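Here's the structure we're looking at; comments come further down.
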Amino acid sequence: MKTRFYLPRQYLLIILLVASFSNTLKSQSRFTVSGFVYEKGSRESMPGVNIYVPGTTIGTVSNSYGFYSLTLPAAEQEIIFSFVGYQVRSFQVLLDKNIELNVELDPSIELEEIEVRADMPKQSSRSSQMSVMEIPLKQIKSIPALLGEKDVLKVIQLMPGVQKGSEGTSGFYVRGGGPDQNLIILDDATVYNAYHLFGFFSLFNGDAIKSLELTKGGFPARYGGRLSSVLEIVMKDGNKEKISGEAGIGILSSRLVLEGPIVKGKSSFLVSGRRTYYDILARPFMPSDFKLGLFFYDLTAKANWEINSKNRVYLSGYFGKDKFSGREKDGKDIFEAGLFWDNATATIRWNSVLNHNIFSNLSLIFSNYRFKIYEFEKYEGDSFELSYRSGIRDFGFKYDFSWQPLSMLTVRYGVSSVWHSFNPSAVVVKDDYIDEYMSEVQTINTAESGVYVEGESKISV
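In short: position in the sequence shown from 1, add 20, done, that's this note's numbering.
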């Protein structure tokens with residue numbers, strides 16, 4: 021005797037729907053390939069590298085630390101990594117789980133047949149963020165030198181919507197705004213005076229810079245508010261494989277860049293210095309009792325440690341000074357007058373890959389700017405000094421997150437806080453009868469804090 025079981029039609033329909041839905045979910049499973057992109061031979065992280073799947077509109081770009089994340093359907097995928105001046109690399113990846121893929125790109129050195137081509141610029145209508153321009157470093161290295169110096173801010177003046185200031189100066193005006201309305205950031209730290217020699221040279225040594233990005237409008241929320249533009253400058257990390265250097269001697273200044281590994285393949289350093297020698301060249305033409313102080317110098321340093329595959333620490337700093345003074349000595353009598361200004365920044369950053377598609381960066385930031393005009397006299401044993409001072413000092417932190425749930429969608433969010441200390445003006449008098457007299461100093465302390473969320477969606481056209 022055979023026993024048969026019959027299922028009601030409604031149950032059979034439910035089973036078929038569940039099976040169909042399960043197959044659909046399986047066919048629509050998505051996984052993420054993520055990692056860092058480095059330059060082969062130096063292991064310098066590479067921002068702005070294009071990562072895409074050929075024949076599709078799916079792709080992404082590595083961030084300022086070289087990290088990328090690309091979410092794709094579960095299947096065997098071909099992924100291409102390309103960057104101008106480097107050999108293109110292609111990988112076949114079987115995506116049945118989340119994969120970590122670190123890539124090294126080799127600079128192109130092979131000479132093939134000559135082809136004349138024109139690269140189509142990135143159109144604003146196709147960009148998810150308008151008015152953003154990335155300045156390639158090869159353009160910086162190809163600009164004419166002024167008195168032996170290749171000025172990175174001179175390249176900015178050549179961009180559409182940007183107007184240069186006085187002839188020969190490095191100041192720039194964006195869409196009618198003033199030079200003081202531009203936010204200039206060096207490794208997350210604000211630079212309040214980005215010029216040497218009253219604007220003829222910028223603070224930045226082009227040999228130590230990795231990337232520049234100029235935003236002329238529609239500023240991302242992470243930058244806060246600004247009237248004209250945001251210029252973000254990222255310094256090189258330093259060569260993790262070998263010690264190397266570069267030097268330059270100009271008519272009125274010299275520069276030196278030295279980089280190399282601290283622990284090979286894991287950590288590196290970079291030191292860059294520059295100084296003018298106007299005062300040294302002018303010394304033979306000056307009277308023996310007169311000393312001319314006419315120079316500027318700057319020093320840049322950076323170190324980084326790769327703790328593990330998901331955590332990195334960066335320490336970077338800058339210090340620069342301009343001084344213009346004259347000192348005359350007659351026996352024991354001295355007269356000196358002049359002015360100087362200096363900039364100092366320091367940043368500690370911790371990068372962390374929290375998940376295959378979540379990247380975070382914690383920054384502790386210090387920035388300081390000072391300006392001083394002074395006069396000093398010493399006559400028959402009595403001394404007198406009069407000076408005018410002003411400045412601004414910042415202490416702050418920011419914690420940024422970048423989440424890429426889909427290949428066409430990036431969500432950025434974070435918090436920041438900065439403590440500003442302004443000293444608009446102060447007059448200081450010193451002599452032998454008054455130890456020190458300081459005019460009523462108006463020191464203004466303010467705190468600026470914020471939380472932001474921004475989204476970037478790439479729509480295929």
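We put the CB at the ideal spot given by N, CA and C, even for glycine. The structure presented is a predicted model; accordingly, all values stated were derived computationally and were not measured.
Asked                                                                                                                           : Found
For TYR85, three-class secondary structure by DSSP                                                                              : coil
Nonlocal neighbours in the same chain, by C-beta distance under 7 angstroms from GLN112, ignoring five residues either side     : GLU96 and GLU98
Residue interval of the beta strand (DSSP E) (run including PHE301)                                                             : Checking the sequence shown, residue 301 turns out to be Leu, not Phe. It is not in any beta strand (DSSP E) - LEU301 instead sits in the alpha helix (DSSP H) that spans 298-302.
Segment limits, alpha helix (DSSP H) that includes ILE327                                                                       : Here ILE327 belongs to no alpha helix (DSSP H); instead the beta strand (DSSP E) covers 310-328.
Alpha-carbon to alpha-carbon, LEU173 and GLY68                                                                                  : 20 angstroms
Counted within 10 angstroms of its Cβ, other Cβ atoms place PHE310 as buried (16 or more) or exposed                            : exposed
Contact belief for SER383 with ASP451 at Cβ below 8 angstroms, rounded distance in angstroms                                    : In fact, because the Cβ distance is near 45 angstroms, the residues do not count as touching under 8 angstroms.
Simplified DSSP assignment, three categories, for ARG347                                                                        : strand
Which listed residue (LYS478, VAL447 and ASN443) has its alpha carbon closest to that of THR466                                 : ASN443
Where the beta strand (DSSP E) containing LEU374 begins and where it ends                                                       : 353-375
Own chain residues within Cβ distance below 6 angstroms of ILE368, not counting five before or after                            : LEU335 and LEU384
Rounded straight-line distance, which links the Cα of TYR88 to that of TRP423                                                   : 11 angstroms
Which of helix, strand or coil DSSP assigns to LYS450                                                                           : strand
Limits of the alpha helix (DSSP H) - the one that ILE176 falls within                                                           : 172-176
Inter-stretch contact at 8 angstroms, needing at least 3 Cβ pairs: the segment 238-257 / the segment 200-219                    : yes
Enclosing beta strand (DSSP E) for ARG50 [first to last residue]                                                                : 50-59
Pair within 8 angstroms by beta-carbon distance, ARG242 and GLU474                                                              : yes
Whole-angstrom distance between GLY268 and ASP139, CA atom to CA atom                                                           : Its pLDDT being 47, under 50, ASP139 is placed unreliably in this model, and the value from its coordinates should be taken loosely. One C-alpha to the other measures close to 31 angstroms.
For LEU251, three-class secondary structure by DSSP                                                                             : strand
Buried versus exposed call for VAL471 [16 or more other C-beta atoms within 10 Å across all chains shown]                       : exposed
Cβ contact (3+ pairs, closer than 8 angstroms) linking the segment 251-258 and the segment 274-294                              : yes
Integer-rounded CB distance, given that ASP227 should sit under 8 angstroms from GLU266                                         : 5 angstroms
Proximity winner among LEU114, PHE101, PHE315 and SER380, relative to PHE218 (alpha-carbon distances)                           : PHE315
Within 8 angstroms, strictly: CB atoms of THR235 and SER151                                                                     : yes
ALA321 versus PRO304: straight-line alpha-carbon distance, rounded                                                              : 34 angstroms
For PRO67, the three-state DSSP class (helix, strand or coil)                                                                   : coil
Assigned exposure category for LYS418 - 16 Cβ within 10 Å defines buried                                                        : buried
CA-to-CA distance, ILE271 to LEU502, given in whole angstroms                                                                   : Limits of the chain in this structure are 21 at one end and 481 at the other, which puts residue 502 out of reach.
Neighbourhood of THR430 by C-beta distance below 6 angstroms, restricted to the same chain and skipping five residues each side : GLN424 and GLU476
Spatial distance of VAL435 from ILE100 (CA atoms)                                                                               : 34 angstroms
Close beta carbons around TYR297, own chain, < 8 angstroms, minus the five adjacent residues each side                          : LEU272, SER273, SER274 and PHE315
PHE4 vs MET66 beta-carbon contact at 8 angstroms                                                                                : Not covered by the structure: residue 4. The range shown for the chain is 21 to 481.
Proximity of ILE223 and GLY313 at Cβ, strictly below 8 angstroms                                                                : Ile is not the amino acid found at residue 223; the sequence shown has Leu there. Cβ atoms of LEU223 and GLY313: not closer than 8 angstroms.
The beta strand (DSSP E) enclosing GLU154, as first and last residue numbers                                                    : 152-155
Length of the line joining the Cα atoms of PHE56 and LEU121                                                                     : 7 angstroms
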